[in-house]
Amino acid sequence: MSPTKESDPHSKENPFKTAQRQLDEAAALMELDHAAHELLRWPLRELHVTLPVKMDNGTTQIFHGFRVQHNDARGPNKGGIRFHPDETIDTVRALAAWMTWKTALMDIPLGGGKGGIICNPKNMSAGELERLSRAYIRQLGSFLGPKKDIPAPDMYTSPQVMAWMLDEYSIMQGQNEFGVITGKPLALGGSAGRGDATARGGIICVREAAAALGLNSKGSIAAIQGYGNAGSFAHKLGAELLGMKVVAVSDSKGGIYNPNGFAYEHAVAHKKQTGSVTGFPEAEDISNDALLELDVDVLFPSALEEVITERNAQKIKAKIIAELANGATTPEADAILYSNGITLIPDLLCNAGGVTVSYFEMVQNASGYYWAEEEVHRRLEKKMKTAFYSMQQTAQTRNMHNRMAAYIVAVGRVTEAMKLRGWY
Ligand code: NAD
């Protein structure tokens with residue numbers, strides 16, 4: 012496997028090109044200073060690491076990983092670590108840039124980072140995953156720290172992975188450094204309310220968007236692509252908090268559909284038992300593509316990038332798209348959805364509940380005092396609503412779609428910090 016495994020730079024579906032094109036559009040609308048624009052098109056730093064890991068069968072396997080720091084003008088870099096066989100440096104660059112915009116839109120004092128390791132965690136034992144996690148931190152140690160760069164869980168990484176990484180970093184420092192990583196288990200300085208925070212933030216946005224459209228969210232119909240942390244909690248909280256009826260969900264093996272809906276507890280139990288949502292006795296199997304085109308009120312893309320593109324955007328029937336996944340929609344699809352009157356809640360806002368509660372976790376780690384779950388929910392609600400309305404107001408006054416409005420708010424805040432620092 013190539014150490015960089017670059018995506019095709021000419022491909023329209025390279026996520027980093029997408030992130031750059033989104034910024035370019037915002038920069039043109041804002042008449043952004045040329046140097047500021049060029050600086051924001053690229054990560055400030057990136058580290059490529061090569062990791063030897065002893066496998067259970069006695070061999071040593073070599074893995075490749077990355078950490079990208081996009082921009083830290085507003086505060087230390089912050090962003091998750093992904094374990095995925097198809098990870099690329101360009102995906103990580105795009106995700107790091109989106110973290111810069113997300114933390115700025117949420118107005119939390121952090122910058123944007125992201126990490127990834129090319130691996131297939133489904134084929135690795137717990138021991139192999141632990142050795143891989145520790146090897147990654149050993150290589151990255153000097154790049155990370157509570158005041159430099161703070162990772163978190165993301166695709167196929169878990170609180171357990173964060174615990175191993177925290178332990179390795181603490182060993183390197185010779186002292187406990189709980190603030191170096193978030194999304195930790197509660198017993199190791201994690202925050203109450205972090206587990207479902209990404210979905211909870213998204214559900215708050217859906218509630219506000221539905222109210223703005225005059226839709227009654229009670230009894231509204233939803234489909235969810237991806238049934239991991241973000242997607243499965245969207246099912247649970249959508250039903251619990253908004254009275255939603257979820258009729259379809261999916262994972263990497265395929266989807267399931269029942270027009271009468273099905274309970275979160277049943278679908279989760281089936282996935283736990285069989286490893287997938289497919290084959291669920293209370294529903295019929297459907298493809299991931301078909302799920303996206305179902306006639307629903309709310310569609311939650313909650314898995315991978317670039318699933319709504321110019322190829323299928325005209326076929327999307329949902330009234331609200333709540334992007335729990337990062338980069339789910341391409342710029343071409345954004346334009347089509349907007350002209351079709353579909354309300355899109357962009358990833359920068361929709362999944363920002365995760366990083367917001369991660370920030371709360373850092374605050375609690377720094378003070379050594381931990382909040383009750385209700386306190387976390389109350390503060391998250393306030394942050395999500397404030398960001399939602401700053402985006403919505405910009406979209407309305409400038410007559411543009413929500414993603415561009417979110418960019419304009421975020422890029423404005425980051426450039427203000429860069430200007431004050433004298434970076435341009
Ligand atoms: P996860 O590993 O918990 O779950 C991922 C889910 O996606 C799994 O159910 C998997 O089977 C499914 N999946 C993988 N490939 C798929 C495919 N081709 N089609 C359909 N489903 C597929 O990951 P997660 O943490 O829930 O992350 C999902 C998305 O949410 C990612 O884009 C991530 O960047 C974003 N996100 C997550 C968080 C968080 O706090 N977990 C925060 C912000 C953004």
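Going from the sequence shown to our numbering is simple: count from 1 and add 11.
Cβ coordinates follow ideal geometry from the N, Cα and C atoms, glycine included.
Query, Result
"Using only the alpha-carbon positions, how far apart do residue 329 and residue 53 sit?", "34 Å"
"What is the rounded straight-line gap between the Cα of residue 369 and the Cα of residue 194?", "6 Å"
"Could you tell me the alpha carbon to alpha carbon distance between residue 118 and residue 374, rounded to whole angstroms?", "15 Å"
"By the DSSP assignment, the alpha helix (DSSP H) with residue 172 in it spans what residues?", "170–184"
"Sorry if obvious, but does the Cβ on residue 241 come closer than 6 Å to a heavy atom of the ligand NAD?", "yes"
"Can you give me the start and stop residues for the alpha helix (DSSP H) that residue 325 sits inside?", "Note, residue 325: premise wrong, no alpha helix (DSSP H); not H, not E."
"Buried or exposed for residue 380, please, with buried defined as at least 16 other CB atoms from any protein chain shown within 10 angstroms of its CB.", "exposed"
"Which same chain residues, not among the five before or five after residue 13, have their C-beta less than 6 Å away from its C-beta?", "Here the model assigns residue 13 a pLDDT of 40, short of 50, so the residue's position is not dependable, and the following value carries that caveat. If we look at residue 13 and ignore the five residues flanking it on each side, it has no Cβ neighbours."
"For residue 401, count neighbouring C-beta atoms within 10 Å of its own C-beta (all shown protein chains included) and say buried if the count is 16 or more, exposed if not.", "buried"
"Regarding residue 178 and the ligand NAD, is the C-beta to nearest heavy atom distance less than 6 Å?", "no"
"Taking the alpha-carbon positions, what's the residue 267 to residue 233 distance?", "13 Å"
"Between residue 174 and residue 157, is the Cβ-Cβ spacing less than 7 Å?", "no"
"Alpha carbon to alpha carbon, how far is residue 59 from residue 188?", "24 Å"
"Starting from residue 88, trace the beta strand (DSSP E) in both directions and tell me its first and last residue.", "88–95"
"Would you tell me roughly how many angstroms separate the C-alpha atoms of residue 1 and residue 68, rounded to the nearest one?", "Because the chain in this structure spans residues 12 to 435, residue 1 falls outside the shown range and cannot be described."
"Tell me which same chain residues have a C-beta within less than 8 Å of the C-beta of residue 418, skipping the five on either side of it?", "33, 34, 36, 37, 112, 359"
"Kindly list the residues whose CB is nearer than 6 Å to the CB of residue 405, restricted to its own chain and excluding five residues on each side of it in sequence; keep chain order.", "416, 419, 420"
"DSSP on residue 191, reduced to helix/strand/coil?", "helix"
"From the DSSP output, which residues share a beta bridge with residue 235?", "260, 311"
"For residue 57, report the span of its alpha helix (DSSP H) as first-last.", "Looking at the DSSP string, residue 57 is not in any alpha helix (DSSP H); the run it does join, the beta strand (DSSP E), is 56–65."
"In the DSSP assignment, what residue or residues form a beta bridge with residue 72?", "64"
"For a minimum of 3 consecutive residues, which ranges assigned as the beta strand (DSSP E) are wholly contained in the region 251–303?", "256–262, 265–268, 295–297"
"For residue 331, which three-state DSSP category applies?", "strand"
"Compute the distance between the beta-carbons of residue 345 and residue 414, then report whether it is under 7 Å.", "yes"
"At a cut of 8 Å, does the region 310–329 reach the region 196–206 through at least three beta carbon pairs?", "no"
"Residue 79 bridges to which residues according to DSSP?", "57, 125"
"From the DSSP output, which residues share a beta bridge with residue 356?", "333"
"Give the DSSP-derived three-state secondary structure of residue 161 in the structure shown.", "strand"
"Just to confirm, does residue 314 get its C-beta within under 6 Å of one of the non-hydrogen atoms of the ligand NAD?", "yes"
"Among 149, 283, 223, 47, which residue has its Cα nearest to the Cα of residue 239?", "283"
"Contact defined as beta carbons within less than 8 Å: I believe residue 77 pairs with residue 62. What is the distance between those atoms, to the nearest angstrom?", "Not quite, the Cβ-Cβ distance comes to about 11 Å (not below 8 Å), so this is no contact."
"Beta carbon of residue 398, beta carbon of residue 213: below 7 Å?", "no"
"Report, in whole angstroms, the separation of the C-beta atoms of residue 142 and residue 64, which I expect to be a contact under 8 Å.", "5 Å"
"Can you find the residues in the same chain that come closer than 8 Å, C-beta to C-beta, to residue 432, ignoring five residues on each side of it along the sequence?", "84"
"Should residue 152 and residue 183 be called a contact, given that it needs their Cβ atoms to be closer than 7 Å?", "yes"
"Per DSSP, residue 340 is paired with what?", "319"
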